[in-house]
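Protein chains in written order, with the numbering used here: chain A, 1 to 451; chain B, 1001 to 1451; chain C, 2001 to 2451; chain D, 3001 to 3451.
Notes follow once the structure below has been shown.
4 protein chains.
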Amino acid sequence: MNISFLQELFSSITQRDALLWRRSDGKPVSHEQVVDACRLVLESDGEASSIALASRALSGYASLDDEQKTRLFYTLTDDFAADPERIDQAWQAYHATRGNLELQLLCEACEPERQELLRRLNLTAGGTHALVRMREDLLTRLREMPELAALDADFAHLFGSWFNRGFLVLKRIDWNTPAAILEKLIRYEAVHEIRDWNDLRRRLDARDRRCYAFFHPAIGDEPLIFVEVALTRGLPERIQPILDASHQAIDAEEADSAAFFGISNCQTGLRGISFGNFLIKQVVLELQQELPQLVNFVTLSPIPGFRVWLDQQRQRDQNLLEDELLQRLTELGRADWHTDSEVAAALGEHIRPLAAHYLTRVRNEQGLPLNAVARFHLGNGAELHRINWLGDTSAKGLANGLGLMVNYLYVPDDIERNHERYSTDGKVMCSSSVRDLRRRARKFLKGDHRT
Amino acid sequence: MNISFLQELFSSITQRDALLWRRSDGKPVSHEQVVDACRLVLESDGEASSIALASRALSGYASLDDEQKTRLFYTLTDDFAADPERIDQAWQAYHATRGNLELQLLCEACEPERQELLRRLNLTAGGTHALVRMREDLLTRLREMPELAALDADFAHLFGSWFNRGFLVLKRIDWNTPAAILEKLIRYEAVHEIRDWNDLRRRLDARDRRCYAFFHPAIGDEPLIFVEVALTRGLPERIQPILDASHQAIDAEEADSAAFFGISNCQTGLRGISFGNFLIKQVVLELQQELPQLVNFVTLSPIPGFRVWLDQQRQRDQNLLEDELLQRLTELGRADWHTDSEVAAALGEHIRPLAAHYLTRVRNEQGLPLNAVARFHLGNGAELHRINWLGDTSAKGLANGLGLMVNYLYVPDDIERNHERYSTDGKVMCSSSVRDLRRRARKFLKGDHRT
Amino acid sequence: MNISFLQELFSSITQRDALLWRRSDGKPVSHEQVVDACRLVLESDGEASSIALASRALSGYASLDDEQKTRLFYTLTDDFAADPERIDQAWQAYHATRGNLELQLLCEACEPERQELLRRLNLTAGGTHALVRMREDLLTRLREMPELAALDADFAHLFGSWFNRGFLVLKRIDWNTPAAILEKLIRYEAVHEIRDWNDLRRRLDARDRRCYAFFHPAIGDEPLIFVEVALTRGLPERIQPILDASHQAIDAEEADSAAFFGISNCQTGLRGISFGNFLIKQVVLELQQELPQLVNFVTLSPIPGFRVWLDQQRQRDQNLLEDELLQRLTELGRADWHTDSEVAAALGEHIRPLAAHYLTRVRNEQGLPLNAVARFHLGNGAELHRINWLGDTSAKGLANGLGLMVNYLYVPDDIERNHERYSTDGKVMCSSSVRDLRRRARKFLKGDHRT
Amino acid sequence: MNISFLQELFSSITQRDALLWRRSDGKPVSHEQVVDACRLVLESDGEASSIALASRALSGYASLDDEQKTRLFYTLTDDFAADPERIDQAWQAYHATRGNLELQLLCEACEPERQELLRRLNLTAGGTHALVRMREDLLTRLREMPELAALDADFAHLFGSWFNRGFLVLKRIDWNTPAAILEKLIRYEAVHEIRDWNDLRRRLDARDRRCYAFFHPAIGDEPLIFVEVALTRGLPERIQPILDASHQAIDAEEADSAAFFGISNCQTGLRGISFGNFLIKQVVLELQQELPQLVNFVTLSPIPGFRVWLDQQRQRDQNLLEDELLQRLTELGRADWHTDSEVAAALGEHIRPLAAHYLTRVRNEQGLPLNAVARFHLGNGAELHRINWLGDTSAKGLANGLGLMVNYLYVPDDIERNHERYSTDGKVMCSSSVRDLRRRARKFLKGDHRT
């Protein structure tokens, strides 16, 4: 395989992308005009002339205001749907013959017209990215306007195909990455805010830091998702030393652990299209190859929602928590409780077990852990390895997770088995120390909740 | 947009591709084992563990012999289909409610299971290329085993999405292109055989030659389709001077015409997924940008099938052609008729008009020109511009097209209109010289055929 | 010529460079140890074993403190010189024979040993850059320690050869350039400070801005010199609108002028090796190719030193300036004189003519303009085109040049001729408006100084 | 260090190179015109205007015929020399003062004017390559016209500086390398002819083959030197299995040895500028990194000149060889002696010891081995490891070296020490088996020659 040759292939894609968005600088158009343009796209025969039409429709869309976009989405949902009569006829034909051809025709009849529309809009330069942004607009409306879910289902169906993992490309990000991409990291970082370019540089340029992202050829230099990694000696318990501006970097060769401390999705419009699991596993492979001495692959993850859950338990009839514990938790009301080492230590003794309980026993309606981060890593085949007290003492960390940070451990050889047991039986793999914490939680819980 | 950064993105794709095929070096497996592997792929939850399973299935497939492949195709068609009962139930639910959700479920019920299987096989490194090759195998069986058409329809549906023009990349090919890609040009050239590396070099490296290809990021350095262009002064009539080893190159800046003299599809497995029209139009754009002085964009195309058609007319009751013409055509029986300039000239006077008639009046069942090359260019919006006598005096050219070569002219401003008229009314745009020829054809045709 | 292949060639250079500097992390060494290492380098036979020795010497040097470096420079000057006796003998042999071989031997005898030493130090990975930095250290000492000039001459001689214009590479810098290079621009910008990354982005990423730099393959991603360009309609008079954060960008295609508003040398260690003239001329070529509609290539340059000169004239016996003028100039003592439009206008009427006089009539000992910026551009073949009052109202601009900015105009067809006349006769090419100003200066100057 | 950015830097160099040579297509000029152009280059001040002049001089040179080139070389030697009077004066000033400045002036006075000329010619686009080709022309004349040696010395001096190893770039060559470079390998291969593209592909594309070349940024895609490597199990004795079209490739990971079987210099004009030693050592480093399991780095080298030497010994008074041996050697007169296994075996018993004697004992005037290949590898620090009988049974191999092939072994840890002993004492490092052979040679040699 030849790399240098292939590397040039991207140029036209990205240049075309630029062209499209220049075009959309034009004067605004109305919702009706965009609908007309979409009709024309569908009426054309999908060949070259479609490209110009599709381009017109997309740049028209980009110039709509919020209300017009809403109207467009409704029109797409209602008027670019499937034809019930045609479906019925197709089903009858199929039912009579059970033939493959009839099935194919039924299948086509069922497909809403807007799927073909989206495929044709994608023909145009930069079309893929434009459609991702269009779905981003759509998603913001979904809660208020559940009728648009059908349209969203079409986006999701096509994106699942277009953003198939086979088309994604993993790329290391460092201080030599173009500024145009780096600034997107600053913008997209969701877990631990990157304050400015100096902060970014510290995170990327130290010998003991790595960053990787997935890209898709058709949307050019827009990362889809990225992950930040710290190379450490031993598993890290706390995030502040990692983010600290003055941290003493170690040589990558001296590290025995790789800690994933931030995973950020960049394209809201791709919600539900899963990349994160592939990303972690591929980064593990990359790191194993670069640094064969690494033995631990672990996350340093927050517990968002833990505080909310705990507060609920404290209030709602208080039938879960023992009185002694409730008493203790009142200390959380004190300002700066976490800086008083004695108070903090005592609180930790109570809260860490509760967190172990929360992460492993508290489930959602599907019987999976209520905590989304836990669901993500356990579903990927990781083990719940350690719960660290005062692992994140930032305001945000204290507010969301009472300062707790969790290590999920990825043991390459166990991933498949863990994943299997989790996805069939909902089994949460825990280290003995977490099991121990969970046992200690019993004495803080009222009888029925002891598990 | 940043190019140099993006250029590196390909590396992982291509490296993974290499890995996959190494893996398939293993010991052969049976048809049943591949079927089992496919089942497992579908039963897994589509996450990371699927990749390993998909990879196993694909490399298993690669080791099957022809008969086992056939059996696998039948199994996929019959056992990885849709469930009639589920379809019926879904239709009933939809029919009762006409709801969007019910429609979506019906749509899913109609989709043969093998579509999801193919999507998951595509997760794997090099999966896309492997699937293209799998369909190549399938296509060779289609004529003999029409039952497999349903399976082929699923391939075509997915490939239409994956090879959407928005994902293709145009790339100039020249003498600085890696040898690994150039050798594929030698292999794939379908129109005018490239004899060896010296011949290839002559075609690529002269100042008055260009070559472009479409690539797809996920199948790396395999071209999908390529086109060869000669830069000329005036529209070329004959192919031999262009292919001639000793042709005197002119400076690109001196040319006023770009002649497309060979378009070759490279991936049999992508049959029916249309690229050619996009390719020609994008190459016209590229050339206009590089060489603004170009005024003509034209093909130098063969008329494959013309001789067969003519021979049929000469035999089949002979009710089409006037006797004088039939008499004249007997000269074609002489060896080397084309080297006797007098004979050749006289034949040309008769055959060129007939070719004009053939290309414009002789239609297939859909009412479109019988000649496939004409259909392609006219459908793209080109004009039938000139019919050149003795334009290809190679053995193949004489055998297939009596030595005729055709110029189809692409006038950028007329393309959309021509295409429109062709696709709505079947109208064939002709130059006045071709119309003139067609008129002259009347005297060689029996009454009913004069049009 | 093949570009994509060649593009990969740099990788080894830069990787080796990184290696070298990692090596120098080691423990500090003494001046004597570095001298010993240098001796060993010279005694080795210049083959592969030299590389390790050279690498040792260079990393040793990097660990020296300031005083030890000074001692090393003296040792190199005194003890790695040429051998007088050998020179005398070689001259005698040459004098006797006048033979070519004898001349060659004399030439070799004259060459100080340290030249060969520097050549061998350059063998090592990253050696070139290390030597540039070594000369940077040397230059800081030169004023205080003029005896080191002989050593500096050897550096200059070799750098002149190694940094021959034929080895330099022009590269456009934009927002897609790697951050590692961009941060060097922030550091090196000498003319109009780049405050931070946002400021940099504004300068690079607007449609009407360009930036170019020269690089040398052997010192990788360190720019040698760069120039910033604004694309404008009409020749710009003032720098503030160009630097202004909120300037309204125009489309590059709408500009008729390219204004060079900042040229910064990046490598102090290359002082005296001239790039700037080549840079401007090559950038003019690049811009002409990209934007053929450009008609003016002009600088917007400061007049550093003008205020100092003027202050001197005001004090030193005051025999140059007429009393009326001196009276007027006292207004410069007022705070914020430049914001009082009436005062400013009146001052401008006096000072612009004086500046025209200063730039064209006031010469240094070589008979060339005293002003270094004027020398540079006039020597390159530019014309002194316009003197703009209040062209730079920044504190620095007011302090150094009383707010004046100058347009030097590069007319491609006149460059050679202008350069010729300047370099043979010291002739300063001026526009008629500047000549006019100069005439008006007469009435402010005492008799003898009117020219 | 940033690679992807730097990779683009080459483009301008190579594009300029192409431009230069297009320019030289012009009409031929006379020797006098080129001399005039050279004069102008020297009289210009070395700034931008020089580039146009230099370009004119170089393209003028390219259009000269052989005789005019000869005349030009004489003019450069005679009229662009140093000025004796100026030298004498400079020496006197230096002799009087012994000052550094005076030395510098003397040094400048001694330098022939043509060195500055060559430096200025190098300013131009593609100048470096043009000068290398100019020296190539010069070298062909040197034997006949020894007076031109002074001019050649200037070339050699400058090339030594410009082609300093610090500026060279190692690059792997494989089947993905651009065809434009690969065809140069076919042309330049000096040791074992590459017959055609298929042969080339076999040598590059097999899993157990490697090829590396040195490039210089300023002469773009012209390799300077390249080496071919076979990865083998055990040290190879014979070249034919390596070159064999049908050889069974092994996986690179299974090899324990890397055998260098062809080193070819590509640029005649760089004769005497040494790269080969650096190349081998850097390739050893590359291979160690890629394939850590490799334990042997060895050549498979010919013994050119051995047969000539042996034939001389057989004739010239025959005082070296014992009669029995002479008798035996007459069998070499038989056609196809090497295919008669019995005869061949007997001859081998005699000739291998003689070869050991020849390679280690027979010296040139400098006391170094007479055999140039031995001098090269032993000088690099290799050990004479094994002498293989019938290692090359090609016509050329039999003719030059009686079919013998030699393994020189590079033991990374011993290289420096071996090199040291060789270069100080002329000590040839041998394996015990070679020493053994040498001992056995005694009985074939007459008394005085036994060593």
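In this text, a Cβ means the ideal position worked out from N, Cα and C, and glycines have one as well.
Helix, strand or coil at residue i according to DSSP, with G and I counted as helix
i       : result
H247/A  : coil
C2038/C : helix
M2405/C : strand
F159/A  : helix
Q104/A  : helix
S1301/B : strand
N2296/C : strand
P3241/D : helix
Status (buried if at least 16 other CB within 10 Å, exposed otherwise) for residue i
i       : result
G2099/C : exposed
K171/A  : buried
T360/A  : buried
Q267/A  : buried
A1150/B : buried
Interface partners of residue i on chain D, CB under 8 angstroms
i       : result
R2098/C : P3084
Interface partners of residue i on chain G, CB under 7 angstroms
i       : result
P3178/D : Among the protein chains in the structure shown, which are A, B, C and D, there is no chain G.
Beta-bridge partners of residue i, as assigned by DSSP
i       : result
C430/A  : L384/A
T1232/B : S1257/B
G262/A  : E228/A
L3354/D : DSSP, once it has assigned bridges, lists no residue as partnering L3354/D.
Residues that residue i contacts on chain C, provided the C-beta gap is smaller than 7 angstroms
i       : result
E3111/D : C2107
H3095/D : D2088
Endpoints, alpha helix (DSSP H) assigned at residue i
i       : result
R3209/D : Here R3209/D belongs to no alpha helix (DSSP H); instead the beta strand (DSSP E) covers 3209 to 3215.
N2277/C : 2276 to 2290
I181/A  : 179 to 188
K3446/D : Taken as a continuous stretch (DSSP letters only), K3446/D belongs to no alpha helix (DSSP H), as it is neither H nor E.
H3129/D : 3127 to 3142
Neighbouring residues, chain B, relative to residue i (Cβ below 7 angstroms)
i       : result
E3197/D : In the sequence as presented, Glu is not what sits at residue 3197/D; that position holds Trp. Near W3197/D (Cβ distances below 7 angstroms), the residues of chain B are W1197.
G127/A  : G1166
Within chain A, partners of residue i - CB distance below 8 angstroms
i       : result
L2182/C : A179
G1305/B : Residues of chain A passing the Cβ test: none, with the nearest at roughly 23 angstroms.
Span of the beta strand (DSSP E), counted from its first residue to its last, around residue i
i      : result
L170/A : 169 to 172
Residues that residue i contacts on chain C, provided the C-beta gap is smaller than 9 angstroms
i       : result
F3275/D : Within chain C, no residue comes near F3275/D; the closest Cβ sits about 11 angstroms away, beyond 9 angstroms.
Heavy atom of the ligand PLP within 7 angstroms of residue i beta-carbon
i       : result
R3352/D : With respect to the ligand PLP, the structure offers nothing, as it holds no ligand at all.
Interface partners of residue i on chain C, CB under 8 angstroms
i       : result
R3161/D : The identity of residue 3161/D in the sequence shown is Ser, whereas the question assumes Arg. Near S3161/D (Cβ distances below 8 angstroms), the residues of chain C are R2119, L2158, S2161, W2162.
Neighbour list for residue i in chain A, Cβ cutoff strictly below 9 angstroms
i       : result
N1122/B : S161, N164, R165, G166, F167
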